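I have placed the structure first, in the form of structure tokens, so that the comments after it can refer back to it.
In the numbering used here, the protein residues as written are 175 to 568.
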């Protein structure tokens, strides 16, 4: 349970050593001046109603989450910075007690180094810590190099991102706006307006599950275009992404093709994922997004409640997915959002309304619902999630 306590301890010791070696009033003051800290504390009650596999069956559960996020940045030199961002979360309630393997699902880390730390676990509550950013960054002139746990963000769409080979995320993960990171080396070389060459590599504990790819981005005809090629977990991956203007609306798209390196019974398995979207801001500040996605992999066979693990070569619950999202400022301090998804091959759909209120300068309140309706799969047709969150930023 305490296997990773050496990580925060080591970092703290290094910081203390740096401060103790500094001359009073000079370097020590500079160390403090170059350290930035920010984050938030969030309380989220979650009500879940779902039809789960036996022996649980259909039922409803209540959970209470308390999350503290701390983001640290230390600028060692004008060109060199270190980032350490972490999540400490308390889960309490029915889900911890009743769902088999729930704690194990939270205490997981797919990175090269396992930094997950289950601080304490009891029958109906658990306390967990994990850093999702822990990297050094060298930025000089036209070069940017990052090494460590980071987010390698190659997606351009607002809903589905098959171009995100390194750390794709789940749209249904309602309390993780920062999105996951990966243990990687990322090198970027910029060549001018809209043009760059990028190399990223993320080794895995099992070498065949590693990811390495090259991205070349450029501007053509007013469109930002990116070409991608590389290795993705025993498959070759090639793709393209673009973002530009189409008659005053944003027009974005991502396409990836995956092909197995090895043949099975003389056949080489391959699949394509494509997502195309249009977005438009109306004069009254109504913002609309419409996206169509095709996933040759056919979608997920099962839906694991609140713990989806999507992959770039299978990033959805169904083969076809059509999404619309509308956002509108109902008031100066109140924003409303409504998302609707249709899964035609599963004859099901998804609705997610949300309201966000800026109650105070540093205090936000959000109400959010997720409703899966229709279809023959009981998990997709009979799952309801309702949450409220209170977030204090510091």
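No residue lacks a Cβ here, since even glycine has one placed at the ideal position from N, Cα and C.
Since the model is a prediction, treat every value here as computed from it, not as a measurement.
query: Suppose the cutoff is 6 Å on Cβ atoms and the five residues either side in sequence are ignored; what does the same chain contact list for residue 277 look like?; result: 295 and 300
query: Which word fits residue 232, buried or exposed, when buried means at least 16 other C-beta atoms lie within 10 angstroms of its C-beta?; result: exposed
query: Which class does residue 566 belong to by DSSP, given the choice of helix, strand or coil?; result: strand
query: I'd like the ranges of any beta strand (DSSP E) spanning at least 3 consecutive residues and lying wholly in the region 340 to 407.; result: 356 to 366, 369 to 376, 385 to 394 and 397 to 406
query: List, from N- to C-terminal side, the alpha helix (DSSP H) runs of 4 residues or more that fit wholly inside the region 210 to 275.; result: 268 to 272
query: Assuming residue 496 contacts residue 516 under a Cβ cut-off of 8 Å, what Cβ separation, rounded to an integer in Å, is found between them?; result: 5 Å
query: What number of angstroms, rounded off, separates the C-alpha of residue 423 from the C-alpha of residue 400?; result: 20 Å
query: Assuming residue 445 is part of the beta strand (DSSP E), what are its boundary residues?; result: 444 to 455
query: Inspect the beta-carbon positions of residue 306 and residue 259 and report whether they are closer than 9 Å.; result: yes
query: Identify whether residue 547 lies in helix, strand or coil by the three-state DSSP scheme.; result: strand
query: Quick check: the Cα distance between residue 220 and residue 292, rounded to an integer number of angstroms?; result: 21 Å
query: Assign residue 236 to one of two classes, buried (16 or more other C-beta atoms within 10 Å of its C-beta) or exposed (fewer than that).; result: exposed
query: Alpha carbon to alpha carbon, what distance is there between residue 568 and residue 351?; result: 16 Å
query: So residue 519 packs on residue 492, CB below 8 Å; how close in whole Å?; result: 5 Å
query: Kindly identify the DSSP beta-bridge partner or partners of residue 324.; result: 356
query: To which residues of the same chain is residue 533 closer than 7 Å at the C-beta, ignoring the five residues directly before and after it?; result: 539
query: Compute the Euclidean distance between the alpha carbons of residue 558 and residue 544, then round it to the nearest angstrom.; result: 6 Å
query: To which residues of the same chain is residue 281 closer than 7 Å at the C-beta, ignoring the five residues directly before and after it?; result: 290, 292 and 302
query: Going by alpha carbons, who is nearest to residue 322 out of 340, 330 and 336?; result: 340
query: For residue 403, which of 264, 429 and 381 has the nearest alpha-carbon?; result: 429
query: With a threshold of 8 Å, are at least 3 pairs of Cβ atoms found where one atom belongs to the region 438 to 455 and the other to the region 465 to 475?; result: yes
query: Restricting to Cα atoms, I'd like to know which of 279, 318 and 396 is closest to residue 255.; result: 318
query: I'd like to confirm the pairing. Which residues does DSSP put opposite residue 423 in its beta bridges?; result: 420
query: Reducing DSSP to helix, strand and coil, say where residue 293 ends up.; result: strand
query: Exposed or buried, what is residue 336 when buried is set at 16 or more other beta-carbons lying within 10 Å of its beta-carbon?; result: buried
query: Quick one: residues in its chain with C-beta nearer than 7 Å to the C-beta of residue 375, no 5 flanking neighbours on either side, listed in chain order?; result: 358, 359 and 386
query: Drop a sphere of 10 angstroms on the beta-carbon of residue 334, count the other beta-carbons inside from all chains shown, and report buried for 16 or more, exposed for fewer.; result: buried
query: I need the boundaries of the beta strand (DSSP E) containing residue 437, first residue and last residue.; result: Careful: residue 437 lies outside any beta strand (DSSP E) and carries neither H nor E.
query: What's the call for residue 561, buried or exposed, on a 16-neighbour Cβ count within 10 Å?; result: buried
query: Which value, in whole angstroms, describes the spacing of the CA atoms of residue 249 and residue 314?; result: 13 Å
query: Between which two residues does the beta strand (DSSP E) containing residue 500 stretch?; result: 494 to 505
query: Just the Cα atoms here: how many angstroms apart are residue 347 and residue 261?; result: 15 Å
query: Do residue 537 and residue 511 have their CB atoms nearer than 9 Å?; result: no
query: Is residue 195 buried or exposed, if buried means 16 or more other CB atoms sit within 10 Å of its CB?; result: Model confidence at residue 195 stands at a pLDDT of 45, short of 50, so the residue's coordinates are unreliable and nothing is read from them.
query: Under three-state DSSP, which class holds residue 554?; result: helix
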